[in-house]
DNA sequence: TTATTGCAGATTGTTGACAATTTACATTTG
DNA sequence: CAAATGTAAATTGTCAACAATCTGCAATAA
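Chains as they are written, first to last, in this note's numbering: chain A, 2 to 275; chain B, 2 to 275.
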């Protein structure tokens with residue numbers, strides 16, 4: 002049996018949830034809470050391990066930490082001004098999300114994605130994106146079309162300027178937004194994880210030019226099919242687009258002679274070089 | 002520049018990788034390593050946090066720890082005979098894999114899956130399973146068909162005996178094996194994560210009878226289509242099967258009046274009841 | 001009575017110290 | 001000289017103590 006006092010004791014804790022329509026601020030004094038970006042809320046929601054995890058994730062995805070590089074607990078702790086405990090917890094979380102690899106008593110390394118693994122991820126992405134295209138073509142609103150069109154415009158501008166970084170950002174943004182608008186929150190989580198892992202791989206391969214025009218055209222075409230509510234065609238186009246990206250990746254990869262490194266060899270070489 | 006001694010120093014460490022064809026044991030004395038289940042190898046590969054994580058995962062999926070239940074660091078540490086550090090690391094990993102929820106300064110709770118979330122997961126599973134069906138129908142071997150047929154037989158036996166636990170086990174085994182045979186290792190990882198999260202939900206809903214015959218029939222039909230190499234039909238059948246499971250879940254859920262509990266309320270009530 | 005405030009116990013967050021393991025290098029041995 | 005062996009430094013694994021926060025209840029006041 003539940004004591005009546007128990008429920009009333011649990012204070013209203015501000016929770017960060019992704020909602021399509023933000024609640025309007027109510028003027029009632031007792032109901033008011035601070036915003037999600039208020040220092041107090043941030044302090045309540047984020048512990049040191051979470052912060053460390055997020056910072057490392059950012060650095061890995063930004064390329065500040067190269068794939069294969071070793072992360073030393075002490076160094077990371079000193080860099081972020083915390084002790085080793087939170088760093089270790091962050092490592093555990095990052096391992097589960099596929100960004101680092103833990104080897105007992107040997108260290109943690111930024112994960113390396115092999116071509117075979119990247120292939121598998123592209124294959125999964127193709128399936129998921131196909132579903133997203135079909136679903137979105139059935140549910141999309143004019144406002145959403147405008148938003149996506151804007152991203153495609155940025156994409157084209159970046160391609161015209163040969164600005165690889167901007168192109169990559171807009172590209173990720175476009176697909177992420179597509180999945181988000183499909184309205185399946187769990188799918189978005191799964192999708193982002195896959196994209197993150199692919200980032201570990203893409204960084205070195207996407208620096209090449211020549212394929213941007215084709216890729217850009219495909220994005221414009223996909224958006225058009227979705228806006229025209231051509232469900233099946235939009236799904237097919239997205240599927241093809243992802244698989245084409247995969248082929249482009251393959252092409253640039255086989256050009257390079259650089260094979261996948263053995264675990265830890267990069268760090269070992271780096272240390273020996275000093 | 003790489004020192005020649007560096008590479009030779011890295012000893013051959015036994016790594017557990019899922020390979021389709023296991024390497025034959027070589028008689029060369031210098032090349033011999035101990036098996037993956039040897040105590041030394043186990044000690045090298047498993048740290049305390051990993052062990053704690055695995056044990057908690059087992060307990061959660063087995064239902065020993067109910068959804069919504071609070072996990073106290075000290076209790077878990079005492080139960081497994083370790084200190085709080087490894088337990089905290091295990092919690093972080095379990096959070097990332099979606100089995101527990103961490104609230105800063107308040108505790109960690111076995112996650113509760115809402116009907117809406119379960120819906121989303123079923124939807125993703127339907128997509129992935131459809132792909133698995135199509136792919137498998139193109140690549141399956143007679144030996145694999147025999148293996149799957151055996152699982153379906155177990156499934157039918159469990160259904161005939163109304164043995165819910167055995168049915169659930171065979172059901173999971175069938176689908177897991179299907180995905181595994183599809184030959185995309187990353188997909189298997191993604192898929193298992195989703196199935197695990199669904200477990201948090203299914204435990205209470207699947208106790209009902211009446212739907213077993215239909216589900217059993219569908220499994221047999223799916224296997225037949227795959228064995229007959231009817232790619233598209235197998236994919237469709239698997240998609241429909243998952244969505245039918247979703248409907249069955251819905252049906253049994255709406256019968257129950259029990260709504261989803263608020264975070265921590267179960268633990269609070271349990272403590273108040275003592 | 002009912003809402004507010006203060007307080008003690010329980011629980012989590014963080015840190016620093018110590019133990020175990022690995023790694024790189026020097027030494028020895030054939 | 002090459003291979004094996006011993007050793008010290010660096011790094012990770014684990015633990016226990018302390019700090020910060022939360023929870024539930026009692027005391028207080030309107």
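Just so you know, even glycine gets a beta-carbon here, dropped at the ideal spot from N, CA and C.
Please classify residue 151 of chain B: is it buried, with 16 or more other beta-carbons within 10 angstroms of its beta-carbon, or exposed?
Numbered from its first residue, the second chain carries residue 151 of chain B at position 150. Per the 10 Å Cβ criterion, exposed.
query: If residue 223 of chain A and residue 233 of chain A are in contact, beta carbons under 8 Å, what's the gap, nearest whole angstrom?
result: Start at 1 with the first residue of the first chain, and residue 223 of chain A comes out as number 222. Start at 1 with the first residue of the first chain, and residue 233 of chain A comes out as number 232. Not really, about 13 Å apart at Cβ, beyond 8 Å.
task = Report the three-state DSSP secondary structure of residue 100 of chain B (helix, strand or coil).
result = Start at 1 with the first residue of the second chain, and residue 100 of chain B comes out as number 99. Note: residue 100 of chain B maps to coil in three-state DSSP.
Worksheet entry | Cβ-based neighbour list, residue 66 of chain A, same chain, cut-off 8 Å, excluding 5 preceding and 5 following | As a working mapping, residue 66 of chain A is identified with position 65 in the first chain. If we look at residue 66 of chain A and ignore the five residues flanking it on each side, its Cβ neighbours are 57, 60, 72 and 111.
Practice problem: Classify residue 72 of chain B as helix, strand or coil using the three-state DSSP reduction. | Solution: Translated into the one-based positions of the second chain, residue 72 of chain B becomes position 71. Looking at residue 72 of chain B - three-state DSSP - the assignment turns out to be strand.
Review point. Do residue 179 of chain A and residue 133 of chain A have their C-beta atoms closer together than 8 Å?
Key: Against the first chain, residue 179 of chain A aligns to sequence position 178. Against the first chain, residue 133 of chain A aligns to sequence position 132. In this structure, residue 133 of chain A lies closer than 8 Å to residue 179 of chain A by Cβ.
* To do: With DSSP as the reference, label residue 82 of chain A as helix, strand or coil.
  => As a position in the first chain, residue 82 of chain A is number 81, starting the count at 1. Coil.
Excluding five sequence neighbours on each side, which residues of the same chain lie with their C-beta closer than 7 Å to the C-beta of residue 183 of chain A?
The count along the first chain starts at 1 and reaches residue 183 of chain A at position 182. Taken in chain order, the residues that qualify are 133, 136 and 137.
So if I threshold CB-CB distances at 7 Å, which residues from the segment 178-192 of chain B count as touching chain A? 185, 186, 187, 188 and 191
Run through the DSSP bridge pairs and tell me what residue 108 of chain A is partnered with. Translated into positions along the first chain, residue 108 of chain A becomes position 107. Paired residue(s): A:104.
Next on the checklist: Residues of the segment 122-133 of chain A in Cβ contact with chain B at a cutoff of 7 Å, in chain order, please.
Outcome noted: 122, 124, 125, 128, 129 and 132
| Nonlocal neighbours in the same chain, by C-beta distance under 8 Å from residue 75 of chain B, ignoring five residues either side | The sequence position of residue 75 of chain B within the second chain is 74, counting from 1. Counting only Cβ-Cβ distances below 8 Å, and skipping sequence neighbours, we find 85.
- request: Starting from residue 113 of chain A, follow the alpha helix (DSSP H) in both directions and report where the run begins and ends.
  value: Mapped onto the first chain, residue 113 of chain A falls at position 112. From DSSP, residue 113 of chain A is part of no alpha helix (DSSP H); its letter is neither H nor E.
Among the candidates A:131, A:193, A:249 and A:203, whose CA atom is the shortest distance from the CA of residue 231 of chain A? What you label residue 231 of chain A is simply residue 230 of the first chain in a count that begins at 1. That would be A:131, whose Cα lies nearest to the Cα of residue 231 of chain A.
For residue 53 of chain B, count neighbouring Cβ atoms within 10 angstroms of its own Cβ and tell me buried if that reaches 16, exposed if not. Walking along the second chain from the start, residue 53 of chain B turns up at place 52. It counts as buried.
Which of helix, strand or coil does DSSP assign to residue 29 of chain A?
Position 28 of the first chain holds residue 29 of chain A. Because residue 29 of chain A carries a pLDDT of 36, less than 50, the predicted location of this residue cannot be relied on, and no value is offered for it.
What's the call for residue 82 of chain B, buried or exposed, on a 16-neighbour Cβ count within 10 Å? In the second chain, counting from the first residue as 1, residue 82 of chain B sits at position 81. Under this definition residue 82 of chain B is an exposed residue.
inquiry  = Considering only their Cβ atoms, is the gap separating residue 50 of chain B from residue 280 of chain B smaller than 8 Å?
reply    = There is simply no residue 280 of chain B to check, as chain B begins at 2 and stops at 275 in what is shown.
ask   = Within the 8 Å Cβ cut-off, does residue 228 of chain A reach chain B?
value = Position 227 of the first chain, counted from the start, is the residue given in the question as residue 228 of chain A. Cβ-Cβ to chain B under 8 Å: no for residue 228 of chain A.
Open item on the list: With a threshold of 8 Å between beta carbons, is residue 66 of chain B in contact with chain A?
Closed with: Here the question's residue 66 of chain B lines up with position 65 in the second chain. No, no contact with chain A.
### Query
If you follow the alpha helix (DSSP H) that residue 177 of chain B is part of, which residue opens it and which one closes it?
The residue given as residue 177 of chain B occupies position 176 in the second chain. Residue 177 of chain B -> alpha helix (DSSP H) spans 165-182.
Query raised in the report: Nearest to residue 216 of chain B by CA position, among B:191, B:99 and B:244, is which residue?
Result: Within the second chain, residue 216 of chain B is the residue found at index 215, counting from 1. Ranking B:191, B:99 and B:244 by Cα distance to residue 216 of chain B puts B:244 first.
### Identity of the residue in B:219, B:213 and B:94 nearest residue 165 of chain B by Cα
For the purposes of this step, residue 165 of chain B is taken as residue 164 along the second chain, with counting starting at 1. Closest by alpha carbon: B:213.
Determine the burial state of residue 147 of chain A: buried for a count of at least 16 other Cβ atoms within 10 Å of its Cβ, exposed for fewer. Translated into the one-based positions of the first chain, residue 147 of chain A becomes position 146. The residue in question, residue 147 of chain A, is exposed, as its Cβ has fewer than 16 Cβ neighbours within 10 Å.
request  = Examine chain B for any beta-carbon lying closer than 8 Å to the beta-carbon of residue 93 of chain A, and answer yes or no.
outcome  = As a working mapping, residue 93 of chain A is identified with position 92 in the first chain. Yes, its Cβ sits closer than 8 Å to a Cβ of chain B.
Does residue 157 of chain A come within less than 8 Å of chain B when only Cβ atoms are used? Counting from 1 along the first chain, the entry for residue 157 of chain A is found at position 156. So no, residue 157 of chain A is outside the interface.
Next item on the list: Go through its chain and collect everything with a Cβ distance to residue 181 of chain B's Cβ below 7 Å, but skip five positions before and after it.
Entry: Here residue 181 of chain B is taken as the residue at index 180 of the second chain, counted from 1. Answer for residue 181 of chain B: 189, listed in chain order.
Secondary structure at residue 67 of chain B, three-state DSSP: helix, strand or coil?
Working through the second chain from its first residue, we reach residue 67 of chain B at position 66. Residue state, collapsed to three classes: coil.
task = Flag this pair as yes or no: are the beta carbons of residue 153 of chain A and residue 221 of chain A separated by less than 8 Å?
result = Translated into positions along the first chain, residue 153 of chain A becomes position 152. Translated into positions along the first chain, residue 221 of chain A becomes position 220. Going by C-beta atoms, residue 153 of chain A is nearer than 8 Å to residue 221 of chain A.
- Give the residues of chain A in contact with residue 237 of chain B, contact being defined as C-beta atoms less than 9 Å apart. Here residue 237 of chain B refers to the residue found at position 236 of the second chain. The contacting residues do not exist; residue 237 of chain B stays about 14 Å from chain A at best.
Option nearest residue 191 of chain A by Cα separation, candidates B:99, B:63, B:64 and B:95: Here residue 191 of chain A is taken as the residue at index 190 of the first chain, counted from 1. Of the candidates B:99, B:63, B:64 and B:95, the one whose C-alpha sits nearest the C-alpha of residue 191 of chain A is B:99.
Open item on the list: Taking the straight line between their C-alpha atoms, what separation do you get for residue 177 of chain A and residue 125 of chain A?
Closed with: Position 176 of the first chain holds residue 177 of chain A. Position 124 of the first chain holds residue 125 of chain A. In a straight line, the C-alpha of residue 177 of chain A is about 15 Å away from that of residue 125 of chain A.
Mind checking whether residue 307 of chain A and residue 144 of chain A have CB atoms under 8 Å apart?
Nothing about residue 307 of chain A can be reported from this structure: the residues present for chain A run from 2 to 275 only.
Review point. Counting contacts by CB-CB distance shorter than 8 Å, is residue 70 of chain B in contact with chain A?
Key: One-based indexing of the second chain puts residue 70 of chain B at position 69. No, its Cβ sits nowhere closer than 8 Å to a Cβ of chain A.
> Hey, is residue 1 of chain B's beta-carbon within less than 8 Å of any beta-carbon in chain A?
Replying inline: Within the shown structure, residues of chain B are numbered from 2 to 275, placing residue 1 of chain B beyond reach of any answer.
Notebook entry, point to check: In chain order, what residues of the same chain have a beta carbon less than 8 Å from the beta carbon of residue 167 of chain B, not counting five sequence neighbours either side?
Noted result: Position 166 of the second chain, counted from the first residue, corresponds to residue 167 of chain B. If we look at residue 167 of chain B and ignore the five residues flanking it on each side, its Cβ neighbours are 155, 158 and 159.
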